[in-house]
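Student:
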Amino acid sequence: MWQRIQTLWLLLAGVTMTLLLLVPLAMSSQGVKFTAIGFTSPNLETNYITWGLFALDALVAFLCFFTIFLFKKRKLQMRLCIFTALLIIGYIIYYVVLLLDYGKGILPMQAEDKITPSIWLVLPLVALLFLYLSFKGIRRDEIKVRLMNRLR
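Numbering follows our numbering, in which position 56 of the sequence shown is assigned residue number 486; successive positions increment by one, without gaps.
(1) Within its chain, find whatever has a CB closer than 6 Å to the CB of D543; leave out the 5 residues flanking it on each side and keep chain order.
(2) Thinking L518 and P554 are a contact (beta carbons under 8 Å), I'd like their distance in whole angstroms, please.
(3) Quick one: what's got a C-beta closer than 7 Å to A557's C-beta in the same chain, skipping five residues either side?
(4) Could you check what DSSP says for T465 in three-state terms: helix, strand or coil?
(5) Identify whether T480 lies in helix, strand or coil by the three-state DSSP scheme.
(6) Have a look at L563, I573, F495, T546 and flag the residue whose alpha-carbon is nearest the alpha-carbon of Y525.
(7) Just the Cα atoms here: how many angstroms apart are F484 and I523?
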């Protein structure tokens, strides 16, 4: 299981999505911090919880780690890689929707308040790359197994 390169790619995808749970995703000029859990103002008067974003990120991380242990079921592994990639795309879309809603005034904000996405937003794209590489490795293994069965 651990000697296969796709295991490393799945592990790295899970680690990147787990890291995304812990880092700030955006900051506003007024000090409002946006994490996977929600928007938090510095004076703690106003909070906006985004449990959906947190749950989606945690589900993606769990699926990445869970898929590692399905090494004997390569077809299921490939399907889970595709499903997890679709969930990451949904995560990115949901994140953009939340930022647009913040701009419309979910939290009390002043006119000069600008929100700036952080560099950590590259992590979902990196996780997508890792999932693609793991999918390619799993597919290559499946083709090898089919060829070996045909040669017998």
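Think of the CB as a built atom: it goes at the ideal place given N, C-alpha and C, for glycine as much as any other residue.
Tutor: Taking the coordinates as given:
(1) S458, S459, Q460
(2) Position check: residue 518 holds Ile in this sequence, whereas Leu was assumed. Rounded, the Cβ-Cβ distance is 5 Å, consistent with contact.
(3) A443, T446, M447, I518
(4) coil
(5) coil
(6) T546
(7) 14 Å
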